[in-house]
Amino acid sequence: MKYIGEGYIEKNTSRISLFDKTGNLIEEEKKYIISHYAKVITTEDGNESYFAKIHQSSLFDPNGPYGKREKFIDTKIRRVSKATFDFYITYLKTNNSIYLTKAQRGFLND
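Position 93 (the sequence shown) corresponds to 1500 in the numbering used here; numbering is contiguous.
Shown next as structure tokens:
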């Protein structure tokens, strides 16, 4: 945050895009209701940061063995590369496991 003049604080203008279990964008009204699996933070400079949900040092698979226990397990959101993010979103949209495998390999190299 930047202070300008007499205590005026400039508004943070970064934009956050959240993605749900099916890889679709979550609407602004539902972002506190639906769990997100990936997100993109775009700053006012145009820089983008990509994040994905992690469980036990690997990308979280919502269709896998821990998919129904998501509320009870320890998951984190961790920064990933753009290629890993793209493969992970493609997996969420298509449920084709080859994309999760490619995303996991990319995540290990990040």
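Where a beta carbon is used, it is the ideal one built from N, C-alpha and C, also for glycine.
> Alpha carbon to alpha carbon, how far is Y1444 from E1477?
Replying inline: Taking the sequence shown and counting its residues from 1, the one referred to as residue 1444 is at position 37. Taking the sequence shown and counting its residues from 1, the one referred to as residue 1477 is at position 70. Whole-angstrom Cα-Cα distance: 11 Å.
> Three or more C-beta pairs closer than 8 Å, one from the region 1485-1495 and one from the region 1444-1463: is that the case here?
Replying inline: yes
> DSSP on P1429, reduced to helix/strand/coil?
Replying inline: Here the question's residue 1429 lines up with position 22 in the sequence shown. It should be pointed out that residue 1429 corresponds to Thr in this sequence rather than to Pro. Looking at T1429 - three-state DSSP - the assignment turns out to be coil, as it is neither helix nor strand.
> What whole-angstrom Cβ distance do K1438 and P1469 have, given they're in contact under 8 Å?
Replying inline: As a working note, residue 1438 is residue 31 in the sequence shown. As a working note, residue 1469 is residue 62 in the sequence shown. Actually they do not touch by this definition, with Cβ atoms about 17 Å apart.
> For A1510 versus A1459, is the C-beta spacing smaller than 9 Å?
Replying inline: As a working mapping, residue 1510 is identified with position 103 in the sequence shown. As a working mapping, residue 1459 is identified with position 52 in the sequence shown. Yes, these two residues count as a Cβ contact at 9 Å.
> What number of angstroms, rounded off, separates the C-alpha of N1419 from the C-alpha of F1467?
Replying inline: On the sequence shown, position 12 is the one that residue 1419 refers to. On the sequence shown, position 60 is the one that residue 1467 refers to. So the two alpha carbons sit approximately 30 Å from each other.
> Over what stretch of residues does the beta strand (DSSP E) that includes S1421 continue unbroken?
Replying inline: Translated into positions along the sequence shown, residue 1421 becomes position 14. Careful: S1421 lies outside any beta strand (DSSP E) and carries neither H nor E.
>> Which runs of the alpha helix (DSSP H) at least 4 residues long sit entirely within the region 1442-1506? Give them in chain order.
In response: 1489-1501
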